[in-house]
Amino acid sequence: MENIDWANLSFGYMRTDYNIRCYYRDGKWGKLELCSEETINLHMAATSLHYGQEAFEGLKAFRGKDGKIRIFRPEANAERLQSTCRGILMPELPTETFIDAVKKVVKANERFIPPYESGASLYIRPLLIGTSAQVGVHPAREYLFVVFVTPVGPYFKGGFSTNPYVIIREFDRSAPLGTGIYKVGGNYAASLRANKMAHDLGYSCEFYLDAKEKKYIDECGAANFFGIKNNTYVTPLSTSILPSITNRSLMQLAEDMGMKVERRPVPEEELTTFEEAGACGTAAVISPIQRIDDLENKKSYVISKDGKPGPVCTKLYNKLRGIQYGDEPDTHGWVTVLE
Ligand SMILES: *Cc1c(COP(=O)(O)O)cnc(C)c1O
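With the sequence shown counted from 1, adding 124 to any position gets you my numbering.
Shown next, in the form of structure tokens:
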């Protein structure tokens with residue numbers, strides 16, 4: 125694509141050549157179908173529209189210096205989607221079908237995969253929805269799995285940098301025994317007001333405490349939290365956090381670097397003790413945290429005194445990006461190279 129300004133793409137939707145679809149009917153998954161239509165013809169009584177029977181995933185493909193295309197941990201996304209399916213009573217899509225769909229749709233849209241030098245990548249969005257008509261509250265009998273892709277720009281255009289967050293107590297993203305551990309749209313609907321509130325207050329993102337006690341750290345918007353202190357990577361353990369694949373990868377890399385890894389409830393007061401902290405997820409890998417403000421209690425937890433990302437965040441970020449682009453050896457078998 126000669127006319128795409130790769131380095132200045134935003135995290136938005138751009139039409140590509142194909143998406144891939146697979147239908148679940150009569151109790152079984154059908155064949156994968158490449159499609160060039162952007163729209164879905166959906167029954168107005170579909171369960172996804174009324175009762176939120178909807179799951180999604182997010183992952184990326186990267187073009188390396190060697191020209192090879194690498195997809196990061198697609199089997200982990202396949203497994204997480206299966207967990208979401210169990211959580212909201214949808215039929216599980218087999219891992220092979222998921223990976224096959226991702227590879228085929230990436231391959232079919234190869235001309236949209238940004239060049240290595242741009243720092244951009246191809247975002248992959250799998251979606252699974254209940255499609256059959258239902259008015260009573262029951263799971264659908266028919267489902268549609270779709271994967272589309274869209275090129276996205278480098279997250280840090282002006283270089284890797286820190287952001288301020290604000291604790292929002294007015295709204296909960298998810299309940300302790302709710303759907304927070306599943307990647308469903310409903311959690312995002314529940315987060316919109318908190319996110320708007322944070323933006324209106326001039327922050328980059330909202331910061332959630334656990335819904336029950338408002339005592340422990342849950343998530344930073346739609347990203348997991350981690351803190352660094354005494355050569356230890358600390359990340360919250362909670363029943364309302366989405367299990368981030370980026371976080372899981374960073375825990376492994378921290379361990380590889382000789383750090384201790386702790387996954388446990390993290391009380392808000394502990395924020396005063398971290399030398400560094402970050403929000404992590406597929407979009408940014410790591411978004412280092414400058415400070416977290418607790419407006420109600422008139423407190424500001426300043427994590428980065430000089431406003432710059434710390435050395436551990438920087439090292440973890442470079443290592444993970446290096447593996448994704450093929451600049452660093454893939455010692456854990458995380459990367460699927462497209463043939
Ligand atoms: C997708 C998501 C994340 C990040 O998960 P990754 O697998 O690292 O992209 C974190 N929190 C929420 C709520 C999410 O939906």
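Glycine included, C-beta positions come from ideal geometry on N, C-alpha and C.
If you reduce the DSSP assignment to three classes, tell me which class residue i lands in.
i	result
Trp130	helix
Asp418	strand
Asp224	helix
Ser207	helix
Thr303	coil
Gly151	coil
Gly402	strand
Ser428	coil
Asn371	helix
Leu217	coil
Leu444	helix
Val273	strand
Phe236	helix
Pro412	strand
Lys439	helix
Leu92	Outside the shown range of the chain (125 to 463) lies residue 92, about which nothing can therefore be said.
Ser315	helix
Glu343	strand
Val290	strand
Val261	coil
Asn201	helix
Lys423	strand
Ser366	For the record, residue 366 in the displayed sequence is Leu; it is not Ser. Three-state result, Leu366: coil.
Smallest Cα separation from residue i: which of the options?
i	options	result
Gly182	Tyr142, Tyr240, Lys281 and Ala346	Ala346
Met138	Thr171, Tyr247 and His456	Tyr247
Pro278	Ile164, Ser411, Ser428 and Ser424	Ser411
Val308	Asn319, Gly211 and Ile369	Gly211
Glu420	His262, Pro250, Arg145 and Ile291	Ile291
Glu337	Asn132, Lys423 and Pro300	Pro300
Ser256	Thr455, His167, Cys437 and Pro218	His167
Met214	Ile253, Asp430, Ser298 and Val436	Ile253
Arg235	His262, Arg187 and Glu216	Arg187
Trp153	Glu266, Asp380 and Thr303	Glu266
Tyr147	Ala169, Gly136 and Glu216	Glu216
Val461	Pro367, Lys231, Thr406 and Gln177	Lys231
Cys404	Glu393, Ile369 and Ala378	Ile369
Cys344	Ser328, Lys353, Gly176 and Gly191	Ser328
Ser134	Arg149, Leu173 and Phe280	Phe280
Ile341	Lys384, Ala407, Leu316 and Ile416	Ile416
Which partner residues of residue i appear in the DSSP bridge assignment?
i	result
Leu459	For the record, residue 459 in the displayed sequence is Val; it is not Leu. Bridge partners of Val459: Phe196.
Ile253	Glu178 and Leu268
Tyr357	Ile352 and Val385
Ile248	Leu183 and Val273
Phe331	Ile291 and Cys344
Please say whether residue j and residue i have beta carbons closer to each other than 8 Å?
i	j	result
Phe295	Ala318	yes
Ile365	Ala401	no
Asp141	Asn233	yes
Glu161	Ile144	no
Ile128	Pro275	yes
Val390	Gly434	no
Arg194	Val436	no
Tyr289	Tyr449	no
Lys443	Glu452	yes
Ala131	Ser242	yes
Gly304	Arg293	no
Thr356	Ala264	no
Ala169	Gln258	yes
Ala117	Tyr306	The structure shown has nothing for residue 117, since the chain only spans 125 to 463.
Gly260	Gly176	no
Asn371	Asn354	no
Phe284	Tyr441	yes
Thr359	Met375	yes
(message) Taking 8 Å as the cut-off, does the stretch 221-233 touch the stretch 194-210 (at least 3 CB pairs, one atom from each stretch)?
(response) yes
(request) Evaluate contact between the stretch 395-413 and the stretch 257-273, counting only Cβ atoms and requiring at least three cross-stretch pairs below 8 Å. (result) no
(message) For the pair the stretch 359-376 and the stretch 324-341, tell me if three or more CB-CB distances fall below 8 Å.
(response) yes
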